[in-house]
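Numbering (my numbering), first residue to last: 193 to 531.
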Amino acid sequence: MAVISAGLIISTSCLALRVYTKAQLLHKFGWDDVSIILAWVFSLGTQACSIYGYKHGGMGIHFWNVTPVVYDVYVKVVLSAAIIYVPALALAKISLIILYYRILCQKRYQQWILYGIAFVVSSYSFALVLAFIFGCHPIQKGWDISVTGTCVNQYALYVATAVLNIISDIALILVPIPTVVGLNMPGIQKLGLLLMFMVGCATLVTGIIRLITLIPFLNSSDPTYNIGRPDLWINIEANFAIICSCLPFLRHFLRRYAPRLIGENSSLARRYHSYTYDYTGGSRARRKEGLTQLQDDIELAENGGSMHSGVRIFKDVQVEITTETMPDVNRNREGDGYR
C-alpha cells in the first residue's frame, strides 16, 4: 500500500501543478485538462478500491486463509476496481489525443488518424465496462457469490484490457513521428522531441509488465494471493498515466518559480526562444539553445501558435544601399572669395 499511496501523492501533485500552470500561467485551460482531471478522479477510485481490498478483502492473502465473508468483499472490490480503472486510462489517452490534435495536426489525414484512435479507445473502453457489469447471468452474480448463475471469463477480460491498452499506447507513440521527422531542426533535437512525446505514453511499459504479471493469475487456484502483483501494477499504471500526461506542462511552472532547476537564469529573458540575426545572408534564423527548449513548442501551441509555425518561420530582408558624392561646400566658398 505504500507504493500506491506514494504514487497517488505524486500524481495528485503533478496534476495540481498542471492545472495551476494551464489556468494561471498560460491562461489556456482546455478539454485535455478536463479529461485528465476526470482520469485522476477514476484513478483515485481505483486505488481506493485496492487499498480497501488489501485491508478488508483478503488481497495478498492465500485463498485457503480467506473466510467466505472476506472473499465476498474481495469479489466486490475486484469488480469495482476493474470497472473504474478502464475509464481512468481511457480518459488519460483522450487527454493526450486532444493535445496531439492541437499541436501536431496540420493535415486532414492526421486529424482523421486521431479521430480514429479516439473512437477505438472510447469504443473498447465502453465495451469492457459493459462486459464487466453485465457479464454474468443473472447480473447480481458478478458481485454476489451466493447467487447461482454463469459468468463470462473475467480473466479473459483482464487480459483484453491490458492488450488493448498496449495497442493504443503503441498507436499514440507512432502518431507524432511523421510530424517531428519533417521539422526543420537538427536530428538530435528531433530525437529529443520524440522522446518528450513518448514520455506521455510511458504507460506502455507498465502495461506490458502488468500483462506479464497477469499470467499466474489466470485460472489460479489462489486468486486472492496471486492478484497482488497485477493489482499493484494496475495502480502504478494509473498513476503513471496522470504523471506522464502532466510532465510536459511543468517546465513552464519551473521556469517561473525555479528557473535554475532547468538551467535558466530568468523566467522572462528566455520565455520561448532566443533569436540571432545574420545580416550576411539576409535572413533571420531562429535557433534553439538545446534540448531543454523543446517543450517550448507545447507552450507556444498553448498560447495560440503551432509547432510547425514555431520552428519554420523565416523572413528574408533585402537592403539596398546607394552612395552619392557631395561637393565640398567650404572649398567652393573659398573659390568664390569667401574667407
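Each residue gets a CB set at the ideal place from its N, CA and C atoms; glycine is no exception.
- For the pair Tyr316 and Tyr266, the Cα-to-Cα distance works out to about 26 Å.
- Per DSSP, the unbroken alpha helix (DSSP H) holding Leu271 starts and ends at Pro260 to Ile295.
- Beta-bridge partners assigned by DSSP to His329: Thr342.
- Contact check for Val312 against Ser360 passes: the beta carbons are separated by less than 8 Å.
- For His248, the three-state secondary structure derived from DSSP is helix.
- Counting along the chain, the unbroken alpha helix (DSSP H) around Ile404 starts and ends at Thr395 to Leu406.
- Under the Cβ criterion (8 Å, minimum of three pairs), the stretch 281-297 counts as touching the stretch 211-228.
- Below 8 Å, too few C-beta pairs join the stretch 388-404 and the stretch 207-216 to call them touching: fewer than three.
- For Phe432, the closest alpha carbon among the candidates Leu306, Asp423, Val391 and Asn418 is that of Val391.
- Scanning its chain for C-beta atoms nearer than 6 Å, with the 5 sequence neighbours on each side dropped, one finds around His248 the residues Val265, in chain order.
- With the rule of 3 Cβ pairs closer than 8 Å, the stretch 196-209 does not count as touching the stretch 251-271.
- With a cutoff of 8 Å on beta-carbon distance, Cys206 and Ile435 are scored as near each other.
- Around the beta-carbon of Trp304, fewer than 16 other beta-carbon atoms lie within 10 Å, marking it exposed.
- The alpha-carbon separation between Gly384 and Leu375 amounts to approximately 12 Å.
- Between Val355 and Leu446, the alpha-carbon positions lie close to 36 Å from each other.
- Scanning its chain for C-beta atoms nearer than 8 Å, with the 5 sequence neighbours on each side dropped, one finds around Tyr293 the residues Gln303 and Leu306, in chain order.
- Non-local beta-carbon contacts of Thr353 in its own chain, meaning distances under 7 Å to residues more than five positions away in sequence, involve Val278 and Leu320 in chain order.
- In the DSSP annotation of this structure, the continuous segment of the alpha helix (DSSP H) that includes Asp423 starts and ends at Gly420 to Tyr449.
- When DSSP states are grouped into helix, strand and coil, Leu410 belongs to the coil group.
- Apart from the 5 residues on each side of it in sequence, Leu386 sits with its Cβ closer than 8 Å to the Cβ of Pro368, Ile369 and Val372 in its chain, given in chain order.
- In the three-state reduction of the DSSP assignment, Gly199 falls in the helix class, which pools H, G and I.
- Contact between Leu406 and Val351 holds, with the beta-carbon distance rounding to 6 Å and staying under 8 Å.
- Looking at the backbone, the Cα of Gly379 and that of Leu366 are separated by about 17 Å.
- Taking the Cβ atoms as the reference, Ile290 lies roughly 5 Å from Trp223, within the contact range of under 8 Å.
- Across the structure, Ser338 and Lys268 are spaced so that their CA atoms are roughly 12 Å apart.
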